[in-house]
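Below: one structure, written as structure tokens.
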Amino acid sequence: MNNMYLAERTVHTQAQPIKFRCSDVQVWYGEKHALKDVSVDLQDKTVTAFIGPSGCGKSTFLRCLNRMNDTIPVARVTGQMLLDGDDIYDRRVDPVQLRARVGMVFQKPNPFPKSIYDNVAYGPKIHGLARNKAELDGVVEQALRGAALWDEVKDRLHESGTGLSGGQQQRLCIARAVATAPEVLLMDEPCSALDPIATAQVEELIDELREQFSVVIVTHSMQQAARVSQKTAFFHLGHLVEYGSTDDIFTRPQDPRTESYISGRIG
Ligand SMILES: Nc1ncnc2c1ncn2[C@@H]1O[C@H](COP(=O)(O)OP(=O)(O)O)[C@@H](O)[C@H]1O
Ligand SMILES: [Mg+2]
């Protein structure tokens with residue numbers, strides 16, 4: 001098998017504890033059975049990539065992990081998803097609290113029409129993570145540093161977040177998610193609206209973030225999956241076909257569907 005995707009990657013194979021344990025997850029949109037019987041364990045402090053052809057259920061599964069599907073009236077989710085052993089679909093779980101623990105970054109940068117500072121301060125404020133202005137300033141600075149944006153914006157924190165470049169806006173959205181100290185960060189094609197330089201910056205950032213928490217990224221770019229992830233899950237027609245180390249998926253796929261996809265025959 002051609003090894004073009006792995007040429008430049010550094011290989012980290014250290015096993016990490018399980019963060020998310022998902023069993024028999026199914027999703028319907030009305031009559032449409034979009035996700036079929038997905039069981040997978042996602043590791044802490046690891047980047048996991050979800051790959052597969054358009055419409056195969058990657059975003060649907062990602063949205064299960066922080067109950068974003070709750071916001072889609074026709075969506076119905078069954079099965080079990082345990083975060084550190086606790087069922088995130090338990091009636092007692094507040095989805096807003098859950099989404100602070102399991103943050104999300106979307107395809108198109110979507111900063112609030114507010115200042116850079118307020119974009120980042122919003123989450124810590126509503127979740128009571130700072131007791132006073134000085135503490136809040138510290139949380140905002142730390143999140144912006146964590147998203148590799150501080151140096152570019154420190155002198156204009158009170159300007160609008162929507163006035164930044166696309167790549168900066170996406171890093172602002174990452175800072176906003178990081179500000180609530182998440183345990184898992186979900187990213188749905190976070191670079192698809194970015195140019196190559198901004199993409200490289202976000203990919204480098206993803207590699208740094210996994211030292212602190214688990215990152216799950218949906219990507220249509222196999223090169224990106226190979227560059228940023230240690231684990232890869234391949235989805236096809238609503239099934240999780242194959243899950244394993246990124247090196248194995250790209251060099252020794254076990255399923256013929258995976259093999260066809262990564263060699264460019266389906267997609
Ligand atoms: N809100 C929705 N309502 C109805 N069908 C949906 C909705 N979102 C996704 N689907 C359908 O579910 C399937 C999986 O979609 P999705 O998870 O977005 O795939 P992917 O992210 O892999 O491209 C597709 O057939 C899609 O049309
Ligand atoms: Mg999608």
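Quick note on our numbering: the sequence shown kicks off at 1 and runs consecutively.
Beta carbons: idealized from backbone N, C-alpha and C, even for Gly.
Predicted model, so just to flag it, every value in this text is computed and none were measured.
According to DSSP, residues forming a beta bridge with residue i
i, result
"tyrosine 29", "Lys32 and Ala75"
"alanine 49", "Ile217 and Thr232"
"cysteine 22", "Val40 and Met81"
"tyrosine 243", "Ala233"
"serine 160", "Ser115"
"leucine 186", "Met104 and Val216"
"aspartate 323", "This structure gives no information on residue 323, because the portion of the chain shown stretches from 1 to 267."
Residue i: CB within 7 Å of a non-hydrogen atom of ligand 2
i, result
"lysine 58", "yes"
"valine 218", "yes"
"aspartate 188", "yes"
Distance cut-off 7 Å: residue i Cβ against heavy atoms of ligand 1
i, result
"serine 54", "yes"
"isoleucine 72", "yes"
"lysine 45", "no"
"lysine 32", "yes"
"phenylalanine 106", "no"
"phenylalanine 20", "no"
"phenylalanine 235", "yes"
"tyrosine 29", "yes"
Whole-number beta carbon distance between residue j and residue i, since they are thought to touch under 8 Å
i, j, result
"proline 17", "aspartate 44", "5 Å"
"proline 111", "threonine 162", "6 Å"
"alanine 121", "leucine 136", "6 Å"
"isoleucine 288", "valine 228", "A question about residue 288 goes unanswered here, because the residues of the chain that appear run from 1 up to 267."
"proline 256", "glutamate 242", "Contact doesn't hold; Cβ gap of about 10 Å is too wide."
"alanine 179", "valine 153", "Contact flag wrong, Cβ pair sits at about 14 Å."
"valine 105", "alanine 177", "6 Å"
Specify whether the segment 144-155 and the segment 60-76 touch according to this definition: at least 3 beta carbon pairs, one from each stretch, less than 8 Å apart.
-> In the pairwise beta carbon analysis, the segment 144-155 is classified as not touching the segment 60-76: fewer than three pairs are separated by under 8 Å.
Does the segment 88-98 touch the segment 170-178, meaning 3 or more C-beta pairs lie closer than 8 Å?
-> The segment 170-178, when compared against the segment 88-98, does not touch it at the 8 Å Cβ threshold.
Are the segment 34-49 and the segment 221-237 touching by the rule of at least three beta carbon pairs closer than 8 Å?
-> Touching, yes.
Segment contact, 8 Å Cβ cut-off, at least three pairs: the segment 27-37 with the segment 73-93 = Under the 8 Å Cβ criterion, the segment 27-37 counts as touching the segment 73-93, having at least three qualifying pairs.
Please confirm if the segment 173-193 is in contact with the segment 205-221, defined as three or more CB-CB distances below 8 Å between the two stretches.
-> With contact defined as three or more Cβ pairs closer than 8 Å, the segment 173-193 and the segment 205-221 are in contact.
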